[in-house]
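Some notes on the structure that comes next.
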Amino acid sequence: VTDVEVIHADVLREPAAAVARKTRGRTVGEVGRRGKNVVVGFESGGVLLVNLGMTGRLLPRGPTDPPPPEAGHPAVRIRFGDGSVLVYDDTRRFGMVEVLGPGEWIARSAGLGPEPLDDTFTAARLGEGLARSRSPVRSWLLDQRRIAGVGNIYASESLHRARIHPLTPAREIDGKGVRRLHRGLRSVLRDAIEAGGTTLRDYRTAAGRPGTFASRLAVYGKEGEPCPRCSTPVDRIVFSNRSAFLCPRCQPEPGAAERTPDAPDGSPDRGSRPEGRG
Ligand SMILES: [Zn+2]
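The sequence shown lines up with residues 160 to 437 when you count with our numbering.
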């Protein structure tokens, strides 16, 4: 790193001069991800941590690459000795760029829950976490201390794949439900990563292209549209100030499953439609 130019210091947590001082002269080693953060590791230890927030984009450019196609809102520009540039671009600037020392980074990472795509994240481990909480499972999934990296879109989608209602208390999900949720979470995240992410409006990949997972969303943002599994119109409910989307047939309300299917009041009031299974 030869130069750090801070155009908008409101994406930093400390003065621009401090960030520049801690970054200049460093060499980038491994680049990875932890939870919702891009982790740019320095060879000498420590990391540059980037959280994209709502509208952030991290745009790397090689020495001979043309300038990015879209005129953006650069907030931080980092230049390297070989002529390459890394721009953190953020229209609304809810994102965050930080430089952490090795110890600070270890402590920060330890405060985050397990990575759902990690080999060590088994259904049993998910079950242990869920069993300790009476929170609604959607809130549990969004809590970065319990599981890392799941946001509102992938919480809604994985709960739909798992056929679990978002308000179900975490500890009331049975063994089968835990295994479905484990499978749902990992499959949704893998599919979304393969598609380059979900672009509803602002998100771009590091190559500056929109992700294509939005076209494969089953319930998120689909209020009133048919569930891809059973064609029942998708519902939107709001709790903790966030919308959750669900299929009222595939994801019965907590407690509803205890009623037997042929009890007089047991079936949902949408019975004229034939049962669809997928
Ligand atoms: Zn459905």
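Virtual Cβ for every residue (Gly too), placed ideally from N, Cα, C.
C-alpha gap between residue i and residue j, whole angstroms
i, j, result
"Trp264", "Glu412", "40 Å"
"Arg436", "Ile352", "The predicted position of Arg436 is uncertain, since its pLDDT is 39 and thus under 50; a value taken from the coordinates is nonetheless stated next. So the two alpha carbons sit approximately 27 Å from each other."
"Gly215", "Thr182", "20 Å"
"Tyr247", "Gly334", "43 Å"
"Gly380", "Ser203", "44 Å"
"Cys386", "Leu405", "9 Å"
"Val397", "Asp162", "45 Å"
"Phe253", "Ser374", "26 Å"
"Ala269", "Ala365", "27 Å"
"Val170", "Asn400", "24 Å"
"Arg363", "Ala176", "29 Å"
"Thr371", "Leu207", "28 Å"
"Gly356", "Gly367", "12 Å"
"Ala179", "Val235", "10 Å"
"Phe201", "Pro174", "20 Å"
"Pro369", "Leu376", "15 Å"
"Glu382", "Pro328", "23 Å"
"Asp350", "Glu384", "22 Å"
"Pro407", "Pro226", "47 Å"
"Ser402", "Asp394", "10 Å"
"Arg432", "Pro392", "Below a pLDDT of 50, predicted positions are generally treated as unreliable, and Arg432, at 39, falls in that range; the measurement from the model is reported next regardless. Looking at the two C-alpha atoms, the distance is approximately 11 Å."
"Cys409", "His341", "17 Å"
"Thr419", "Val378", "The predicted model places Thr419 with a pLDDT of 45, which falls under 50 and marks its position as unreliable, so this point remains unresolved."
"Ala168", "Gly260", "20 Å"
CB contact flag (residue i, residue j, <9 Å)
i, j, result
"Gly272", "Ile332", "no"
"Ser346", "Arg320", "yes"
"Arg220", "Glu164", "no"
"Ala282", "Arg338", "yes"
"Pro297", "Leu318", "Just to set this straight, residue 297 is Arg in the shown sequence, not Pro. Cβ distance < 9 Å, so Arg297 and Leu318 count as in contact."
"Gly205", "Val160", "no"
"Leu359", "Ile323", "no"
"Leu348", "Leu276", "yes"
"Met255", "Gly188", "no"
"Ser450", "Asp302", "Lying outside 160 to 437, the shown extent of the chain, residue 450 is not represented and no answer is given."
"Leu289", "Leu245", "no"
"Gly231", "Thr250", "yes"
"Thr223", "Gly242", "yes"
Any non-hydrogen atom of ligand 2 closer than 8 Å to residue i Cβ
i, result
"Leu300", "No copy of ligand 2 occurs in the structure displayed; its ligands are ligand 1 alone."
Do the region 190–207 and the region 299–313 touch if we need at least three Cβ pairs shorter than 8 Å?
yes
Anything with a beta carbon under 6 Å from a heavy atom of ligand 1 counts; list them all in chain order.
Cys386, Arg388, Cys389, Thr391, Cys406, Arg408, Cys409
Whole runs of the beta strand (DSSP E) within the region 267–332, excluding any shorter than 3 residues:
Fully enclosed beta strand (DSSP E) runs of 3 or longer: not present.
Which runs of the alpha helix (DSSP H), 4 residues or longer, sit entirely within the region 335–408?
none
Restricting to runs no shorter than 3 residues, where is the beta strand (DSSP E) found entirely within the region 184–209?
187–193, 196–201
Tell me the start and end of each unbroken alpha helix (DSSP H) in the region 228–255 that is at least 4 residues and wholly inside, in chain order.
The qualifying runs do not exist here; there are none.
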